[in-house]
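Residue numbers (our numbering), protein chains in the order written: chain C, 1 to 592; chain P, 1001 to 1370.
Take a look at the structure:
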C-alpha cells in the first residue's frame, strides 16, 4: 500500500481517541469549555449514562453565529493565539480539539447565543460531517448536545461500560471540576432525576463538604500554605483534608486541582500519603481535596490531551511544599477520633464498661474497674481547671491529659477524661507510638546506642538471612547492631541496640524476623525502610495488652500522649485513643 | 493434725516457702505448700519443677501429728491476715482450718500424697560455707545474671569450689561478675555447677541467720544446700543448668592502660545523677577521666542533659572517655560494701573492670561504639 495522507475526518477520529474516551471525558471537555466561556451556572443532562445523550448548558459568553463553523473545526480556538500564550495557559482548553473531536465521533449540536446577540444559531456535526449554520431558538449561553456517541464506531462503542458505571464516571468528573470552581453552580440530571446539585458557594469549604460528604467533611482539617518556588514564582495550596480515620482503600476520595484544573499527579499524591504515614493503615488513601495554585510557568499542562497529567518544572520542591503543608495541618489538629456509640456498641451486660443504665454503676463492677475511683478521678481538680481554661481558649487547647487522674481498666485500657469527654487509651498502641516517635527522633540525632558484647554471640541463620545481612549492614549500624556473617549459615553478633536490651527484647530475634520478612527491603527509600524497622522495634518493645502498669508508668504514658506529635495513632494506623463526648454520655444518662 | 504456732515465725516461714512455688504450675500440687507436723515440729515444703525447699517452723506446739497440702497463695494470704500471738492449725480430711484471734478460715486442700516426695537423701557434704559469706557472694553475683532466658547457660550462676576457695560467676553477655569467698571446711577436689538464679535467690533468703553454716552436697545433676544444723535445718535442693558456662576467664582483661581508685559512694551518686536525664533510647553516660577530675555526662534529645564532675586522685594513664550504661555501673556499686573501688580501662571500646580486692571483679562492656 502506497503512503497517503489520511483524510481529515480520520485524523480527527484518531485524535478523538485521546480526548474522547467515554461520556465522562465528553462532559469534562464541554464543562471546561463552558467555564472558559465564563459560565456561572452549568447544567448537565445525561440519558443512558451519556451513551444515548449528553447535554451541557451554560450561561457563558456564547459563540456568535459567524464563528460557529470555526468552533467545531479542528485546532481552532479563541483561547490562545501564540506560542507565548501556550507557556502560560490560564484557561482549561487551548488545543482547539475538543469540539472537533467530539463531532467526529458523535452527532454534535451546538446552539449558542452570545450575550449581547439578539438571536441564537446552531450547527450540527454528524460523525465529522459538518452541516451549515442555522438560526435557532435559545437563551444567552451555549447548549451542546451529543447523541449517538461512537455510533459509527462499533468497536469504540463496545468498550463503553454499563449505564451506571458511565454515569458514575460523569459524576466523578463533574465533582472534581466543581471542587476547583466553588463559585459556579453545577447540576446534573440523569434521565429526569436531579442527582447532583451544587449551588454556587462563597466559602470553598462548603463546596468541599458538599462533594466529599458529611462524614468526611465533619471536622476536616484546613490545609493552607504559601511559598515561593523561585523569586517571583509563588505556589500556594488550599484544601480540606478529612481526618485519618476517614481514609479509604480506594484512592479516588483524594482529589487535586492545579490552577483549577483537575489533575492526577503521582508526586503530589505521594506527598500527601507520606504526610499521613503512620496515621492511616498502609494501603489506604486519605480523603480530601487540595487546590494548588502555581505560577503557570512552573508547570507544563500540555503533556496529555486530556490534561489530567502535568509536568512540574520543580517536582521535588512541589512535593516537599505539599508534604509540609499537609503535615502542618495534621500536627496542629487534635486527631483523636470520637467514638460513635450505637445501641449495639454499648453492651447491656458483660464487657468492662456499661453505658446508659443507672444500675450498672452500682452493680456492674467488672474486674479492674472501679466506678467509685472513676467518679473521683473525673471530678478531680485537674478536670475542673482544664474546663475553666477551655472557656478561655476553646479551640487552642490540644488535650492536656498528663495532669489528669486515670485508671487502668481490663489491663488494656487507660481511662481518663478531658474537657470534651471520656478518653480511652489503648496502652499498647500508645506505647508503641511513643517509642516509635522517640526512636525516630533518636535516629535523626545519630545511630542508636549500641551495647558491645563481652564475647561475640554466634547464632545459626538461614542462607537467605546471611545473604540479606550484607545489604542490611548500613541500616543495622544506624540501629545499633554490629552483626557480621559468620560463614554461610551463621550470624556473629558483636553489639546489640541498648534500647532493645533495656526493653527486654532479644535483639537477635528481632534481627532474624526482619531479615526473614517477605517484604524485606533494605535498599529502597531510606526513611521508609528505617521507619518499618523502627516500627517493628517499637511494637516488640511496647507494653502489651494485659500488662499491669504501675501508676507511674501510666502517668508517663499519658504524658507522652500529649507530648508526642501525632500520638493519636499507633504506627500501624490503628487509633491509640478514643473519646466518648460528654454530650453522648449526658444523652445516655437522660440529661441531654 | 492439730498444732499451735507463733504467728510471726509462721508468717515468715510461709512467705519463704511460697517463693519456691511455681508461678504457673501445671500440677496443682506444685502450687501448694505441704505442712508436716511430727516429733514436735512443723515443716513446710514447697517445690517447682526444678527446686524443692524445706522450711522448718520453730516455736510450734504439736498436739496431734499429721499432714496437709494447701494452695500456697491462699495460705500465705490467710496467715498474713492473722492477728494475735498464735495461730492454730487443724486438718480434717484435707481441709485445713486456721484459727486466730477472732478469725477462722478453712482452706480446701489436696491429698498430701500428691506432693512429690523428695528423691535420694543428701549423703555427702562437699563443702561448708558460713551463711554470711554465701549470702554476700550471692547478692553480689545474681544481679548480673541474664534475666531473659537465653543461651550459654547464662540464666544461672556459675558456682566453682576449689579446695576451700569458692567463686560465684554471673554474666548476661554484656557484663560479668566474679565474686570470691572462703569455705569453712571442704573435701579435697572441686565442685562445679550452674545454679538457677531462682535457687540462688531462695538460698539467700533461707540463709538469713549469719551464724548458720551452709552445707553443700552434690547429687546426680543436683545440688543440695542445708542451712543450719540437725532437725531445725532448712533445706534446698535444686536441679542444675546443664551446659558449659562461657569461658569467662578469657573476657577478663589481663592488662590495662588506665587505673583509678574512687570513693564508692561518690562515684555511685555521680553516675546516678548523670543518668537522671537519660532515656531508654539514649541510655549511656559518658565518663571522661583525666588526672584530676572525672566528668560524667548523660543526655537525651527529648529530655535534656546532665553534667556531673568529681575530683580524682591518683589517676594513672592518659585521659580517656568511655560510655557505660549507668544502670550497669550503679547496680554493682550499690552492692559493694567497701568504701573504695578500682576501675581499670584500656580503650573506649574495650571493657572496663571494677575491682574490690580479690573478692569482687566486675567487667562491663561499654556502649556507643559498634
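No residue lacks a Cβ here, since even glycine has one placed at the ideal position from N, Cα and C.
By DSSP's criteria, residue i is part of a beta bridge. Which residues make up the other side?
| i | result |
| --- | --- |
| residue 1038/P | 1041/P |
| residue 124/C | 109/C |
| residue 409/C | 413/C |
| residue 74/C | For residue 74/C, which the question treats as bridged, DSSP gives no partner whatsoever. |
| residue 293/C | 236/C |
| residue 459/C | 491/C |
| residue 135/C | 121/C |
| residue 1215/P | 1128/P, 1226/P |
| residue 1158/P | 1169/P, 1194/P |
| residue 1316/P | 1259/P |
| residue 1005/P | 1060/P, 1087/P |
| residue 1285/P | 1298/P, 1324/P |
| residue 196/C | 188/C |
| residue 537/C | Paired residue(s): none; residue 537/C is not in a bridge. |
Using the C-alpha atoms, what's the distance from residue j back to residue i?
| i | j | result |
| --- | --- | --- |
| residue 1268/P | residue 1165/P | 30 Å |
| residue 266/C | residue 147/C | 35 Å |
| residue 1106/P | residue 1096/P | 5 Å |
| residue 533/C | residue 1180/P | 44 Å |
| residue 145/C | residue 152/C | 17 Å |
| residue 246/C | residue 303/C | 33 Å |
| residue 1161/P | residue 509/C | 36 Å |
| residue 106/C | residue 127/C | 5 Å |
| residue 66/C | residue 42/C | 24 Å |
| residue 375/C | residue 545/C | Confidence is the limiting factor: at residue 375/C the pLDDT is only 36, short of 50, which leaves the residue's position unreliable and the question unanswerable from this model. |
| residue 185/C | residue 219/C | 24 Å |
| residue 1171/P | residue 1251/P | 11 Å |
| residue 309/C | residue 190/C | 29 Å |
| residue 1194/P | residue 1205/P | 19 Å |
Taking the beta carbon of residue i as the centre, do at least 16 other beta carbons fall within 10 Å, making it buried, or is it exposed?
| i | result |
| --- | --- |
| residue 1300/P | buried |
| residue 445/C | exposed |
| residue 155/C | exposed |
| residue 1111/P | exposed |
| residue 270/C | exposed |
| residue 252/C | exposed |
| residue 193/C | exposed |
| residue 1117/P | exposed |
| residue 24/C | buried |
| residue 200/C | exposed |
| residue 1298/P | buried |
| residue 241/C | buried |
| residue 1093/P | exposed |
| residue 452/C | buried |
| residue 386/C | Note that residue 386/C scores 34 on pLDDT, short of 50, meaning its location in the model is unreliable; the coordinates nonetheless yield the value given after this. Per the 10 Å Cβ criterion, buried. |
| residue 575/C | buried |
| residue 354/C | At residue 354/C, the pLDDT of 30 sits below 50, so the modelled position is not reliable and the matter cannot be decided from this model. |
| residue 1001/P | buried |
| residue 331/C | exposed |
Would you please state the rounded distance, in angstroms, between the beta carbons of residue i and residue j? I believe it to be under 8 Å.
| i | j | result |
| --- | --- | --- |
| residue 490/C | residue 456/C | With a Cβ gap of about 11 Å, residue 490/C and residue 456/C do not count as contacting. |
| residue 111/C | residue 122/C | 4 Å |
| residue 1082/P | residue 1128/P | In fact, because the Cβ distance is near 36 Å, the residues do not count as touching under 8 Å. |
| residue 407/C | residue 448/C | With a Cβ gap of about 34 Å, residue 407/C and residue 448/C do not count as contacting. |
| residue 177/C | residue 28/C | 7 Å |
With a threshold of 7 Å (Cβ to nearest heavy atom), would residue i be considered close to the ligand HEM?
| i | result |
| --- | --- |
| residue 247/C | Although the ligand HEM was asked about, the structure shown includes no ligands whatsoever. |
For the stretch 410-442 of chain C, enumerate the residues whose C-beta is nearer than 7 Å to any C-beta of chain P, in chain order. 438, 439, 441, 442
Using a beta-carbon distance cut-off of less than 8 Å, what residues from the stretch 1348-1367 of chain P approach chain C? 1349, 1351, 1363, 1365, 1366, 1367
Using a beta-carbon distance cut-off of less than 8 Å, what residues from the stretch 261-289 of chain C approach chain P? none
Below 8 Å between beta carbons is the criterion; list the residues of the stretch 1260-1293 of chain P that meet it against any residue of chain C, in chain order. 1279, 1280, 1281, 1282, 1283, 1284
The stretch 1151-1176 of chain P: positions lying closer than 9 Å to chain C by Cβ: 1151, 1152, 1171, 1172, 1173, 1174, 1175, 1176
Cβ-based contacts, 8 Å cut-off: residues of the stretch 446-467 of chain C near chain P: 447, 448, 449, 450, 451, 452, 453, 454, 455, 457
Residues in the stretch 1294-1307 of chain P with C-beta within 7 Å of chain C's C-beta atoms, listed in sequence order? 1301, 1302
For the stretch 489-501 of chain C, which residues have a CB atom closer than 9 Å to at least one CB atom of chain P, in sequence order? 494, 495, 496, 498, 499, 501
Closer than 8 Å, Cβ to any Cβ of chain C: which residues of the stretch 1249-1260 of chain P, in chain order? 1250, 1251
Residues of the stretch 1235-1246 of chain P whose Cβ lies closer than 8 Å to any Cβ of chain C, in chain order: 1246
Between the stretch 1325-1336 of chain P and chain C, which residues of the former have a C-beta closer than 7 Å to a C-beta of the latter? 1325
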